[in-house]
Amino acid sequence: MHYIMTNNQIEIIDALDFDPVKIFECGQCFRWNADGEGVYTGVFRGHAAKVFHDGDRICIRASEGTAPEELVDYFDLDRNYEEIRRSVAIDSHMRSASDFGKGIRILRQDPWEALCSFIVSQCNNIPRIKKIIESLCLMFGEPICFEGRTLHTFPSADTLAGLSSRELEPIRCGYRAEYIIGAARAVSCGALDLGALARSGYDEALRALKTLNGVGDKVANCVILFGLNMLGAFPIDVWMKKTLAKHYGDGFSPSVFGEYAGVAQQYMFFYARFGEK
DNA sequence: AAACAGGCCTAAA
DNA sequence: TTTAGGCCTGTT
């Protein structure tokens, strides 16, 4: 992937394996929204940005003071997804899935945001998940001005740790409010050190995350994959359960996909959800 | 109107 | 170790 970094912006020259629609709509993130023709605006790690096509190139323009290196990191631009697609295309189904999902990248999201977001996602649908997260940010995040609009950052664990579940009621997240506050308090007081988990192994991360009330295997694996950037994590939700049963029967193990099983999962999920028949 | 939605927890076998 | 029912809320 070749790109040019300037001030707070990146221009991707050969935008192979970079499809904004797939990246933002494949279900890994909740804070990027399409506004207008192929333009996405979002907030990540305290910065606002927009992503758009500029001729053959893709341009990522972030808010004032965002280092381009931050964009390289968040969009994982130095990783070779073509190679990953080859490595997970182990059979005809995965060849179709990885071909259909070509252009997806796993964003390196803030671990706390990923934890909180995937707690909200449980037993819920995407429009409602997005609505809940937006009101959470509107109420408790910091405002950022970006291109004439006021957006809001994701509130810190410290901020949410000081709230009662009653104060969270306006965001209408139901029983998940207590889970959110419990997680916020664990992170805030240091009982759960997400930074340390990012440097630990998968097993330790899974164990630690599951000590939180409201975090089971599925949510924990989403946090590990999307927030800790361990690309072997393999979240299994209802869609994955169905498609795994269909194509692999029982006795399936994610290890057949190797170290990038999590990327395979994302291709398979996206294909089952939007592509297959 | 009743079921369902990108799980998790608890209680009970 | 596996299974059933309940959980907030909004939508169909």
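Quick note on the numbering used here: the first sequence kicks off at -10 and runs consecutively. Backbone N, C-alpha and C define an ideal beta-carbon position, used for all residues, glycine too.
Over the uninterrupted beta strand (DSSP E) stretch that includes residue i, give me the two end residues.
i: residue 40; result: 36 to 43
i: residue -8; result: -8 to -5
i: residue 71; result: It is not in any beta strand (DSSP E) - residue 71 instead sits in the alpha helix (DSSP H) that spans 70 to 77.
i: residue 144; result: Looking at the DSSP string, residue 144 is not in any beta strand (DSSP E), and its letter there is neither H nor E.
i: residue 48; result: 46 to 51
i: residue 193; result: Unbroken run through residue 193 is the alpha helix (DSSP H), 191 to 199; no beta strand (DSSP E).
i: residue -2; result: -2 to 1
So the alpha helix (DSSP H) residue i belongs to, where does it begin and stop?
i: residue 184; result: 183 to 188
i: residue 210; result: 206 to 211
i: residue 111; result: Run containing residue 111: none; DSSP gives neither H nor E here.
i: residue 175; result: 165 to 178
i: residue 9; result: 9 to 14
i: residue 65; result: Premise fails: residue 65 is in no alpha helix (DSSP H) and is neither H nor E.
i: residue 96; result: No alpha helix (DSSP H) contains residue 96, which DSSP labels as neither H nor E.
Roughly how many angstroms lie between the CA atoms of residue i and residue j, to the nearest whole one?
i: residue 268; j: residue 49; result: Outside the shown range of the chain (-10 to 266) lies residue 268, about which nothing can therefore be said.
i: residue 244; j: residue 170; result: 34 Å
i: residue 187; j: residue 213; result: 8 Å
i: residue 40; j: residue 157; result: 31 Å
i: residue 105; j: residue 18; result: 12 Å
i: residue 71; j: residue 183; result: 30 Å
i: residue 142; j: residue 76; result: 36 Å
i: residue 43; j: residue 1; result: 9 Å
i: residue 147; j: residue 177; result: 5 Å
i: residue 93; j: residue 160; result: 30 Å
i: residue 26; j: residue 9; result: 12 Å
i: residue 193; j: residue 200; result: 11 Å
i: residue 64; j: residue 28; result: 16 Å
i: residue 117; j: residue 16; result: 13 Å
i: residue 124; j: residue 60; result: 25 Å
i: residue 23; j: residue 237; result: 35 Å
i: residue 96; j: residue 5; result: 16 Å
i: residue 206; j: residue -8; result: 37 Å
Mind checking who residue i pairs with in its DSSP beta bridge?
i: residue 33; result: 36
i: residue 58; result: According to DSSP, which records beta bridges pairwise, residue 58 is partnered with nothing at all.
i: residue 101; result: Per DSSP, none; premise fails for residue 101.
i: residue 134; result: 139
i: residue 23; result: 29
Mind reading off the beta-carbon distance from residue i to residue j? Whole number of angstroms is fine, and I expect it under 8 Å.
i: residue 135; j: residue 37; result: 4 Å
i: residue 57; j: residue -10; result: Not a contact, Cβ separation roughly 14 Å.
i: residue 83; j: residue 253; result: 7 Å
i: residue 86; j: residue 257; result: 5 Å
i: residue 144; j: residue 162; result: That belief does not hold up - the Cβ atoms of residue 144 and residue 162 are roughly 13 Å apart, past 8 Å.
i: residue 52; j: residue -3; result: 7 Å
i: residue 47; j: residue 13; result: Contact flag wrong, Cβ pair sits at about 12 Å.
i: residue 246; j: residue 122; result: Wrong, their Cβ atoms sit about 30 Å apart, outside the cutoff.
Got a sec? Which residues, its chain only, sit under 7 Å from residue i by beta carbon, not counting five neighbours each side?
i: residue 267; result: This structure cannot speak to residue 267, because the chain is shown only from -10 to 266.
i: residue 108; result: 165, 168, 169, 172, 203, 204 and 208
i: residue 191; result: 213, 219, 221 and 222
What does a CB cutoff of less than 6 Å around residue i pick up in its chain, not counting 5 residues either side in sequence?
i: residue 174; result: 150
i: residue 277; result: Because the chain here runs from -10 to 266, residue 277 falls outside it and cannot be looked at.
i: residue 233; result: 241
i: residue 20; result: 31 and 32
i: residue 89; result: 260 and 264
i: residue 250; result: 221, 223 and 243
i: residue 262; result: 228
i: residue 139; result: 132
i: residue 34; result: 99
i: residue 110; result: 118
i: residue 3; result: -9
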